[in-house]
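Participant: Dumping the structure here so I can ask a few things about it.
Number of protein chains: 2
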Amino acid sequence: MVKENPSLQNIEAENGGATKAVRGPGRRLHGAIAHKLGMAILSGHYAPGDVLSGEVAFAEELEVSRSAYREAIQVLTAKGLVESRPKAGTRVLPRNRWNLLDPEVLAWAFAGEPDIQFVRDLFELRAIVEPAAARLAAVRRDKDDLKIMKDALSAMRRHTLATEAGRAADRDFHNAILHATRNDALLVLTASIGAAVNWTTQYKQRARALPRNPIPDHVRVYDAIAAGDPAAAAEAMGVLVDLALEDTASAMQR
Amino acid sequence: MVKENPSLQNIEAENGGATKAVRGPGRRLHGAIAHKLGMAILSGHYAPGDVLSGEVAFAEELEVSRSAYREAIQVLTAKGLVESRPKAGTRVLPRNRWNLLDPEVLAWAFAGEPDIQFVRDLFELRAIVEPAAARLAAVRRDKDDLKIMKDALSAMRRHTLATEAGRAADRDFHNAILHATRNDALLVLTASIGAAVNWTTQYKQRARALPRNPIPDHVRVYDAIAAGDPAAAAEAMGVLVDLALEDTASAMQR
DNA sequence: ATCCTGTAATATGTCGGAGTAATTAGCAGA
DNA sequence: TCTGCTAATTACTCCGACATATTACAGGAT
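Top to bottom, those sequences are chains A and B.
Under my numbering, the first residue of the first sequence is numbered 1022, with each subsequent residue one higher.
Under my numbering, the first residue of the second sequence is numbered 1022, with each subsequent residue one higher.
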């Protein structure tokens, strides 16, 4: 258990100037604090059971008002990361209480050095859900869905995955499939994970050039869905996820 | 777009007495507000795009301080339900921005009249994930996992599912399976959904007695996992989920 | 040794005000 | 009449202080 809070100074102080100049226009102060704290927890800087020393002391240390600190804590509490009780202080909750599928939490988890085991867990989940989604999409898609997928596909071809536009097209393609399942729960889940994993894709991108051309595999998924063949769609999507896992794993090991 | 806020008075006023007497000991004020507001949004009382009239006016109407109101809004914002911007007020975000897998959001969704389509979506997701989890568990489980499952099973036999203890044992059984997958992401996801769905189970409970004895089906799952047979485990779990869906659907139709 | 009780520490709830950003409307020019 | 800019209003954001309630902890009694 850490007693004092080590080196959390300078939340957002690139320059020593005014606060408003530092934080972006859309970014609120408590949001920045929550981000900072959330990353600190997800990165393991604070372990479950650790106590974030007293509210007043902490806010003082961060050089923000208690209100801002309290609102930040409120956010973390809403995501199940911490729990604060009178006298006891604010403690980091055990991992199983964390809301790991929250988009923001996911982002924090991937912001620092992502935990390899957790990434593998996430891909395992993807490997379960995405093929099943493709299976459903093959049955339930309509003409509009197919058109959107087709457009995204050609956009992926035009720009490569090396560009931001290309990656956006990739996201659109997958989102179109999810949307075609007509299942909101599936959509939300996969969208959250997808966003985090796409971050990993950028990560990978930094490491080296594309390992191989992913377009044909995407086309196979599209063809199967267009043909209304659930089994083939699931199989093709399975290949896609496996491929992504391979690439990511090899990129993270270096 | 609603302009004024209809009938949100008396957040927690059963009696006209002191506030502290009404809200439970562990329940904080802003938590109660967030609960109230969250339920109002999830139940469709506020539609996406609706604006919750001015902070001051609203806090006044709820008879709480602005700080409490703000902290409640903070919670909702963290869950992606609303977004507040200066001058524009606090607006309800579109549904696809909602954090539907958040345990609390799920609870709110089920608190009122649960949306049938959403329940179906959730069960579809369960039907995808849980058999896959059973498949993994069949391979990765160790002796301790089996012991916990066995204990939960016998507890389910002792108390029936009609009692709270029996339902707790049911939860334990499923959690043990999830834990045996050694996949935190899977565990968190299914735990969230399971909690909400268990609520539905209580719902069902009210409607009528148990439709049939679920114990043998649970035993089949256990046997397959104990035998280390992935395919059989997945199949048996699929049966379990289908059964639950059937029961819930028929219970909700009345 | 265990239980109880009092106290101090700490988080929670409240308030009002100053600051800031954005929408809206009003005005000027083409 | 339409377009572009300016200004004022409005609502959120942040702040610091105060009052309150809860609880952990310690010290004493049984």
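We put the CB at the ideal spot given by N, CA and C, even for glycine.
When you compare only the Cα positions, how much space is there between His1066 (chain B) and Leu1058 (chain A)?
Facilitator: Indexing the second sequence from 1 puts residue 1066 (chain B) at position 45. Indexing the first sequence from 1 puts residue 1058 (chain A) at position 37. Computed Cα separation, rounded: 34 Å.
Participant: DSSP three-state label for Asp1263 (chain A), please.
Facilitator: Here residue 1263 (chain A) is taken as the residue at index 242 of the first sequence, counted from 1. Reduced to three states, the DSSP call for Asp1263 (chain A) is helix.
Participant: According to DSSP, is Leu1073 (chain A) helix, strand or coil?
Facilitator: Within the first sequence, residue 1073 (chain A) is the residue found at index 52, counting from 1. Three-state result, Leu1073 (chain A): strand.
Participant: With the cut-off set at 9 Å, would you say Ser1088 (chain B) and Thr1098 (chain B) are in Cβ contact?
Facilitator: Counting from 1 along the second sequence, the entry for residue 1088 (chain B) is found at position 67. Counting from 1 along the second sequence, the entry for residue 1098 (chain B) is found at position 77. Not closer than 9 Å, so no.
Participant: Using a Cβ-Cβ cut-off of less than 7 Å, give me the residues of the region 1092-1109 of chain B that come near chain A, in sequence order.
Facilitator: Under the 7 Å Cβ criterion, the region 1092-1109 of chain B contributes Glu1092, Gln1095, Val1096, Ala1099 and Lys1100.
Participant: In whole angstroms, what is the alpha-carbon distance linking Ala1154 (chain A) and Pro1107 (chain B)?
Facilitator: The sequence position of residue 1154 (chain A) within the first sequence is 133, counting from 1. The sequence position of residue 1107 (chain B) within the second sequence is 86, counting from 1. Going by the C-alpha atoms only, they are around 39 Å apart.
Participant: Using the DSSP secondary-structure output, state which residues sit across from Glu1104 (chain B) in a beta bridge.
Facilitator: On the second sequence, position 83 is the one that residue 1104 (chain B) refers to. Paired residue(s): B:Arg1112.
Participant: Just to make sure I have the definition right: I need the residues of chain B whose C-beta is within less than 7 Å of the C-beta of Ala1153 (chain A). Which are they?
Facilitator: Counting from 1 along the first sequence, the entry for residue 1153 (chain A) is found at position 132. Ordered by position in chain B, the residues that pass the 7 Å Cβ test against Ala1153 (chain A) are Ile1149.
Participant: Tell me whether Asp1142 (chain A) sits in a helix, a strand or coil according to DSSP, three-state version.
Facilitator: Indexing the first sequence from 1 puts residue 1142 (chain A) at position 121. Three-state DSSP puts Asp1142 (chain A) in a helix.
Participant: Work out the CA separation of His1051 (chain A) and Ile1032 (chain A) for me, nearest whole Å.
Facilitator: Numbered from 1 along the first sequence, position 11 holds the residue referred to as residue 1032 (chain A). Numbered from 1 along the first sequence, position 30 holds the residue referred to as residue 1051 (chain A). Low confidence applies to Ile1032 (chain A): its pLDDT is 34, below 50, so where it sits in the model is not reliable, and the reading given next is rough at best. If I take the Cα positions, the gap works out to 11 Å.
Participant: For Val1260 (chain B), count neighbouring Cβ atoms within 10 angstroms of its own Cβ and tell me buried if that reaches 16, exposed if not.
Facilitator: The sequence position of residue 1260 (chain B) within the second sequence is 239, counting from 1. Per the 10 Å Cβ criterion, exposed.
Participant: Straight-line CA distance for Arg1141 (chain B) to Ser1086 (chain A)?
Facilitator: For the purposes of this step, residue 1141 (chain B) is taken as residue 120 along the second sequence, with counting starting at 1. For the purposes of this step, residue 1086 (chain A) is taken as residue 65 along the first sequence, with counting starting at 1. Their Cα atoms are separated by approximately 46 Å.
Participant: Could you tell me which chain A residues have their CB closer than 9 Å to the CB of Leu1207 (chain B), listed as they occur along the chain?
Facilitator: Position 186 of the second sequence, counted from the start, is the residue given in the question as residue 1207 (chain B). Correct list: Asp1142, Glu1145, Leu1146 and Ile1149.
Participant: Would you say Ser1088 (chain A) faces chain B, with C-beta separation under 9 Å as the test?
Facilitator: Indexing the first sequence from 1 puts residue 1088 (chain A) at position 67. Output row for Ser1088 (chain A): interface = yes.
Participant: With a Cβ-Cβ cutoff of 9 Å, do Ala1158 (chain B) and Ala1201 (chain B) count as a contact?
Facilitator: Mapped onto the second sequence, residue 1158 (chain B) falls at position 137. Mapped onto the second sequence, residue 1201 (chain B) falls at position 180. In this structure, Ala1201 (chain B) lies closer than 9 Å to Ala1158 (chain B) by Cβ.
Participant: So that I know if they touch, is there some Cβ in chain B lying closer than 9 Å to that of Ala1055 (chain A)?
Facilitator: Taking the first sequence and counting its residues from 1, one reaches residue 1055 (chain A) at position 34. Cβ-Cβ to chain B under 9 Å: yes for Ala1055 (chain A).
Participant: Let me make sure I understand the geometry here. Which of B:Arg1203, B:Ala1217 and B:Leu1266 has the alpha-carbon closest to that of Arg1161 (chain B)?
Facilitator: Here residue 1161 (chain B) refers to the residue found at position 140 of the second sequence. Selected option, being the one with the closest Cα: B:Arg1203.
Participant: Go ahead and pull the three-state DSSP assignment for Pro1152 (chain A).
Facilitator: Residue numbering aside, residue 1152 (chain A) sits at position 131 when the first sequence is read from its first letter. In the structure shown, Pro1152 (chain A) sits in a helix (DSSP, three-state: H, G or I).
Participant: Look at Leu1143 (chain B) and Leu1146 (chain A) and say whether their C-beta atoms are less than 9 Å apart.
Facilitator: If you number the second sequence from 1, residue 1143 (chain B) lands on position 122. If you number the first sequence from 1, residue 1146 (chain A) lands on position 125. No, the Cβ-Cβ distance between Leu1143 (chain B) and Leu1146 (chain A) is not below 9 Å.
Participant: Where do the ends of the alpha helix (DSSP H) carrying Ala1186 (chain B) lie?
Facilitator: Here the question's residue 1186 (chain B) lines up with position 165 in the second sequence. Element bounds for Ala1186 (chain B): Glu1185 to Ala1201.
Participant: Below 8 Å on the Cβ atoms is my contact criterion, and I expect Arg1179 (chain B) with Gly1215 (chain B) to pass it. Report the Cβ-Cβ distance as a whole number of Å.
Facilitator: Position 158 of the second sequence, counting from 1, holds the residue named residue 1179 (chain B). Position 194 of the second sequence, counting from 1, holds the residue named residue 1215 (chain B). Wrong, their Cβ atoms sit about 21 Å apart, outside the cutoff.
Participant: Taking Cβ positions, are Val1262 (chain A) and Pro1152 (chain A) nearer each other than 9 Å?
Facilitator: One-based indexing of the first sequence puts residue 1262 (chain A) at position 241. One-based indexing of the first sequence puts residue 1152 (chain A) at position 131. In this structure, Pro1152 (chain A) lies closer than 9 Å to Val1262 (chain A) by Cβ.
Participant: Could you check which residue in B:Ile1094, B:Ser1064 and B:Ala1053 has the C-alpha nearest to that of Ala1073 (chain B)?
Facilitator: As a first step, residue 1073 (chain B) must be located in the second sequence, where it is residue number 52. In the sequence under discussion, the amino acid at residue 1073 (chain B) is Leu, which differs from the Ala named in the question. The candidate whose alpha carbon is nearest that of Leu1073 (chain B) is B:Ile1094.
Participant: Please compile the residues from chain A whose C-beta is within a distance smaller than 7 Å of the C-beta of Asp1123 (chain B).
Facilitator: Reading the second sequence from its first residue, position 102 is the one you call residue 1123 (chain B). Chain A residues near Asp1123 (chain B): Asn1120 and Asp1123.
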